[in-house]
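Student: What follows is a structure written as structure tokens; I'll ask about it next.
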Amino acid sequence: SYRIIKKIVEQEKDSGFDDHEVKARMLTQLSRAELGLGQIDSAFINADEACKILQNNQYNNSANINVEYAAALVAKADVLLYKSMFTDAMQAYSKAEAVYLNRYGNHYYNVDDVAYLLFQGVCAASKNKNNFWKKHFCKQIQKFNNKNYLITKALIYCN
15 SYRIIKKIVE QEKDSGFDDH EVKARMLTQL SRAELGLGQI DSAFINADEA CKILQNNQYN
75 NSANINVEYA AALVAKADVL LYKSMFTDAM QAYSKAEAVY LNRYGNHYYN VDDVAYLLFQ
135 GVCAASKNKN NFWKKHFCKQ IQKFNNKNYL ITKALIYCN
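For the sequence shown, the positions run 15 to 173 when this note's numbering is used.
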């Protein structure tokens, strides 16, 4: 998947859509692939660029309800966590959580992307022995309606 998304991003460099949501979506996916391959600096640069595009996107009425922005924030938080930048990672997860909550409202507790975010958050908080964030994410996890695999795993950290 890395080679495919990298090739697409390279092909689109001169498209004239440097600030478009589609480019941000591609950069988010590239960042995820790079993180998986251990290309940490590049993963951070691409996730950060995706966040900036979506935060300032002229096509987007409001970043605070754009799930693509939330996905980019989670990708950025994952990289920050990998770099042991716990506080910055938690801030990015928290922003993404607010976006998902604003967008999905009552359906928040049924969305797989939210389950991933909550799982990552509670794992990070547990690893870093941060009770504030652990309690915060556990409270959300216990409200989650869809008992998917990640929520089941996350509940282990909450008990």
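Beta carbons: idealized from backbone N, C-alpha and C, even for Gly.
Where does TYR83 land, buried or exposed, given buried means 16+ other C-beta within 10 angstroms?
Tutor: Translated into the one-based positions of the sequence shown, residue 83 becomes position 69. Under this definition TYR83 is a buried residue.
Student: Pair every Cβ in the stretch 100-108 with every Cβ in the stretch 123-130, then say whether three or more of these pairs are closer than 8 Å.
Tutor: no
Student: Output the boundary residues of the alpha helix (DSSP H) element that contains SER140.
Tutor: On the sequence shown, position 126 is the one that residue 140 refers to. 126-141 is the span of the alpha helix (DSSP H), which, as asked, contains SER140.
Student: Since GLU63 is in the alpha helix (DSSP H), which residue starts that stretch and which ends it?
Tutor: On the sequence shown, residue 63 is found 49 positions in, with the first residue counted as 1. Per DSSP, GLU63 belongs to the alpha helix (DSSP H) from 54-69.
Student: Is DSSP giving PHE158 helix, strand or coil here?
Tutor: Within the sequence shown, residue 158 is the residue found at index 144, counting from 1. DSSP places PHE158 in coil when its eight states are reduced to three.
Student: Quick test of your reading: ILE67 and ALA38, contact by CB under 8 Å. State the CB separation rounded to the nearest angstrom.
Tutor: In the sequence shown, the residue the question calls residue 67 occupies position 53. In the sequence shown, the residue the question calls residue 38 occupies position 24. At roughly 4 Å, the Cβ-Cβ gap stays under 8 Å, so ILE67 and ALA38 are in contact.
Student: If I follow the unbroken alpha helix (DSSP H) through ILE170, where does it start and stop?
Tutor: In the sequence shown, counting from the first residue as 1, residue 170 sits at position 156. Counting along the chain, the alpha helix (DSSP H) containing ILE170 begins and ends at 163-172.
Student: Helix, strand or coil for HIS150? Go by DSSP, reduced to three states.
Tutor: Within the sequence shown, the letter at position 136 stands for residue 150. Residue state, collapsed to three classes: helix.
Student: Using the rule of at least 16 other Cβ atoms within 10 Å of the residue's Cβ for burial, across every protein chain shown, is GLN134 buried or exposed?
Tutor: Walking along the sequence shown from the start, residue 134 turns up at place 120. Classification of GLN134: buried, given that the 10 Å Cβ count is 16 or more.
Student: Look at ALA139 and LYS153 and say whether their C-beta atoms are less than 9 Å apart.
Tutor: For the purposes of this step, residue 139 is taken as the residue at position 125 of the sequence shown. For the purposes of this step, residue 153 is taken as the residue at position 139 of the sequence shown. It is not a contact, given that the beta carbons lie outside the stated cut-off.
Student: For ASN78, which of helix, strand or coil comes out of DSSP?
Tutor: Counting from one through the sequence shown, the residue named residue 78 turns up at place 64. ASN78: helix per DSSP, three-state reduction.
Student: Under the three-state reduction of DSSP, which class applies to SER15: helix, strand or coil?
Tutor: Looking up residue 15 in the sequence shown gives position 1. Correct three-state label for SER15: coil.
Student: Quick test of your reading: TYR107 and ALA91, contact by CB under 8 Å. State the CB separation rounded to the nearest angstrom.
Tutor: Reading the sequence shown from its first residue, position 93 is the one you call residue 107. Reading the sequence shown from its first residue, position 77 is the one you call residue 91. With 8 Å as the limit, TYR107 and ALA91 qualify as a contact, their Cβ atoms being about 5 Å apart.
Student: For GLU111, does the three-state DSSP call read helix, strand or coil?
Tutor: On the sequence shown, position 97 is the one that residue 111 refers to. Residue state, collapsed to three classes: helix.
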